[in-house]
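Going by my numbering, the sequence shown opens with residue 25, and the numbers climb by one from there.
Using N, Cα and C, we set each Cβ at its ideal position, and we do this for glycine too.
Note that the structure is predicted; figures quoted are calculated from it, not measured.
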Amino acid sequence: MSFSINSTVREILADEQAKAVVETVLPGFSKHPQIGMAKGLSLKTLAKFSGGVMTDEVLEKIDTGLKAL
C-alpha cells in the first residue's frame, strides 16, 4: 500500500512504518486524546482542524516520508 497525506489517519495508524513517519514529524500524534475522532479523515483534511500545528511545511515533510515507504 502506498501512503501520502491523502491517506486516512486509520490507514496510517494501522501501519507501523507510516505511523513512525508521522510520529517523527509530529511526536505524540498517535496518542493524542482526540485521535479516535480523526481516524476517518485524511491528514490533509485533519490539518484544517489542527489549529495551525499541521502547517503546509509539516504536511510536506510527512508526505515526503510517507511516499518514500
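Which residues DSSP lists as bridging residue i, in chain order
i: threonine 32; result: Ser66
Residue i CB to nearest heavy atom of the ligand FAD below 7 Å
i: lysine 72; result: The ligand FAD is not part of the structure shown, which contains no ligands of any sort.
Contact belief for residue i with residue j at Cβ below 8 Å, rounded distance in angstroms
i: isoleucine 36; j: valine 46; result: 6 Å
i: phenylalanine 27; j: alanine 44; result: No, phenylalanine 27 and alanine 44 are not in contact; Cβ-Cβ is about 11 Å, not under 8 Å.
Outcome for residue i when other beta-carbon atoms lying within 10 angstroms are tallied against a minimum of 16
i: aspartate 80; result: exposed
i: leucine 70; result: buried
i: leucine 93; result: exposed
i: methionine 78; result: buried
Residue i to residue j span [Cα, whole Å]
i: leucine 67; j: histidine 56; result: 14 Å
i: alanine 62; j: glycine 52; result: 14 Å
i: glycine 75; j: valine 33; result: 17 Å
i: lysine 91; j: asparagine 30; result: 11 Å
i: leucine 83; j: phenylalanine 73; result: 13 Å
i: aspartate 87; j: serine 54; result: 17 Å
i: alanine 89; j: valine 49; result: Residue identity differs from the one stated: residue 89 is glycine in this sequence, not alanine. Roughly 9 Å between the two C-alpha positions.
i: alanine 38; j: methionine 25; result: 11 Å
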